[in-house]
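**Student:**
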């Protein structure tokens, strides 16, 4: 009897530990490559990192899947098809238009949790503790956003090592960045799946990398984060078809509970050329500017120039009318108006052969 009670006590003691491990996933565990499959065995997608029951996936064609079973030994997740994901709400787009019309300042904050992530073909290794390739991608995105008149604060703080504590360390960076009240908080990554073909693509005739959007579902802002990701994908699908690879909604929070417009962007994977990831930053910046701020600074500048030109034309006409009015007033007030009128009449008559104006007297 004592033996049975002891066994039960040990089991009860272990339950909370098991529950905690299940509720707090290792968000940096991307060493294993998991494959998401349909119930019939068809491959849906792959991901560097563990998949959990309840994870969701929005494919390139906006089909929604939810994981219902996971085999951790085989690294396979079975997902059910839930149909098409509802379109992004338009209220957020209306907010962006309002913000653009009100002329509010535009500010974005960025950082990279996995400070070692790099691109093997270009950087020589997939992980570098110094001069990691992910920062080149981050700076390219920063430059592209600034071309749209957006102020960008990109923290180069490192959060090494690339382990289970990386997001805890990067949380401090994110909190510091939020003190500047940004409109968007971006965590810049690259994927770790081995197949480069899953990310290499061509958009509008240019070879670039696809971008995966990652949302954490275990946080109070999960719905807002998800909606923001859907808005980005919707805008990208319209302007740059093929740019957004998909949206993965995984267990964890990725520090996204700190801000409703937080997003994790994965620019390609470690086996692609870094230049492809950098090439994707320009269209991605345009998409972010469109969704968050309702348009580009270049378009606004062009409109301003046109308005200024119209204004100058209007002012020119007003000045011309004022000058003519002043001359006429001066002529009338000095009594010279009649002389000018007679001279104009004679000139008109000479030009038209007497049809218009006063005929000149015949001196003969």
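Numbering (this note's numbering), first residue to last: 608 to 971. Even glycine gets a Cβ: it sits at the ideal position worked out from N, Cα and C. Given the structure is predicted, the values throughout are model-derived calculations rather than measurements.
In terms of residues, what are the limits of the alpha helix (DSSP H) holding residue 676?
**Tutor:** Element bounds for residue 676: not the alpha helix (DSSP H) but the beta strand (DSSP E), 670-678.
**Student:** For residue 810, which three-state DSSP category applies?
**Tutor:** Three-state DSSP puts residue 810 in a strand.
**Student:** Nearest CA to the CA of residue 638: which residue from 740, 648, 770, 812?
**Tutor:** 770
**Student:** Counting beta carbon pairs with one atom in the region 721-732 and one in the region 674-692, are three or more of them shorter than 8 Å?
**Tutor:** Result no; under three Cβ-Cβ pairs closer than 8 Å.
**Student:** Check the DSSP bridge columns for residue 643 and list the partner residues they point to.
**Tutor:** Under DSSP, residue 643 forms a beta bridge with 652, 684.
**Student:** Looking only at DSSP bridge pairs, what is residue 716 linked to?
**Tutor:** 760, 792
**Student:** Beta-carbon within less than 7 Å of residue 759's beta-carbon, same chain only, minus the 5 sequence neighbours each way: which residues are those?
**Tutor:** 715, 717, 749, 752, 753
**Student:** Would you give the residue range spanned by the alpha helix (DSSP H) that residue 845 belongs to?
**Tutor:** 829-846
**Student:** DSSP three-state label for residue 665, please.
**Tutor:** strand
**Student:** Is it true that the CB of residue 884 sits closer than 8 Å to the CB of residue 816?
**Tutor:** yes
**Student:** So, residue 820 versus residue 872, is the Cβ gap smaller than 8 Å?
**Tutor:** yes
**Student:** Tell me, which residues are paired with residue 775 by DSSP?
**Tutor:** Note: residue 775 sits in no beta bridge, so no partner.
**Student:** Can you tell me which of 843, 778, 674 puts its alpha carbon nearest to the alpha carbon of residue 860?
**Tutor:** 778
**Student:** If you run the structure through DSSP and keep just helix, strand and coil, what is residue 613?
**Tutor:** Reliability fails at residue 613, whose pLDDT of 44 lies under 50, so the model's placement of it is uncertain and the value that follows must be treated cautiously. Residue 613: helix per DSSP, three-state reduction.
**Student:** Take the Cβ of residue 689 as the centre, count every other Cβ of all protein chains shown within 10 Å, and call the residue buried at 16 or more, exposed below.
**Tutor:** Burial check for residue 689: the Cβ neighbour count within 10 Å stays below 16, so the residue is exposed.
**Student:** Taking the DSSP output, what are the residues bridged to residue 821?
**Tutor:** 855, 871
**Student:** Do residue 772 and residue 761 count as a contact pair if the criterion is CB distance below 8 Å?
**Tutor:** Not closer than 8 Å, so no.
**Student:** How is the alpha helix (DSSP H) around residue 881 delimited, first residue to last?
**Tutor:** 881-886
**Student:** Does DSSP classify residue 965 as helix, strand or coil?
**Tutor:** Its pLDDT being 49, under 50, residue 965 is placed unreliably by the model, and the measurement read from it follows with that caveat. In the structure shown, residue 965 sits in coil (DSSP, three-state: anything other than H, G, I, E or B).
**Student:** Does the region 660-675 come close enough to the region 844-860 that 3 or more CB-CB pairs lie under 8 Å?
**Tutor:** yes
**Student:** So what does residue 816 bridge to, in DSSP terms?
**Tutor:** 807
**Student:** Which stretch, first to last residue, makes up the alpha helix (DSSP H) that contains residue 605?
**Tutor:** No answer is possible for residue 605: the residues shown for the chain start at 608 and end at 971.
**Student:** Taking all protein chains shown into account, decide if residue 646 is buried (16 or more other Cβ within 10 angstroms of its Cβ) or exposed.
**Tutor:** In this structure residue 646 is exposed. Its beta-carbon is surrounded by fewer than 16 other beta-carbon atoms within 10 angstroms.
**Student:** Any idea what DSSP makes of residue 897, helix, strand or coil?
**Tutor:** helix
**Student:** In this structure, how does DSSP classify residue 876 when only helix, strand and coil are distinguished?
**Tutor:** Three-state result, residue 876: strand.
**Student:** Is it right to say residue 798 is buried, meaning 16 or more other beta carbons lie within 10 angstroms of its own, or is it exposed?
**Tutor:** buried
**Student:** Would you call the CB atoms of residue 790 and residue 894 closer than 8 Å?
**Tutor:** no
**Student:** For a test of the three-state rule: what should DSSP assign to residue 784, helix, strand or coil?
**Tutor:** helix
**Student:** Alpha carbon to alpha carbon, what distance is there between residue 642 and residue 843?
**Tutor:** If I take the Cα positions, the gap works out to 26 Å.
**Student:** If I follow the unbroken alpha helix (DSSP H) through residue 802, where does it start and stop?
**Tutor:** No alpha helix (DSSP H) contains residue 802, which DSSP labels as neither H nor E.
**Student:** Exposed or buried, which one is residue 580 when buried takes at least 16 other CB atoms within 10 Å?
**Tutor:** Outside the displayed span of the chain (608 to 971) sits residue 580, for which this structure offers no information.
**Student:** What are the boundary residues of the alpha helix (DSSP H) that residue 729 is part of?
**Tutor:** 727-730
**Student:** Quick one: grab the DSSP three-state call for residue 692.
**Tutor:** coil
**Student:** By DSSP's criteria, residue 734 is part of a beta bridge. Which residues make up the other side?
**Tutor:** 724
**Student:** Return yes when the Cβ of residue 890 is within less than 8 Å of the Cβ of residue 839, no when it is not.
**Tutor:** no
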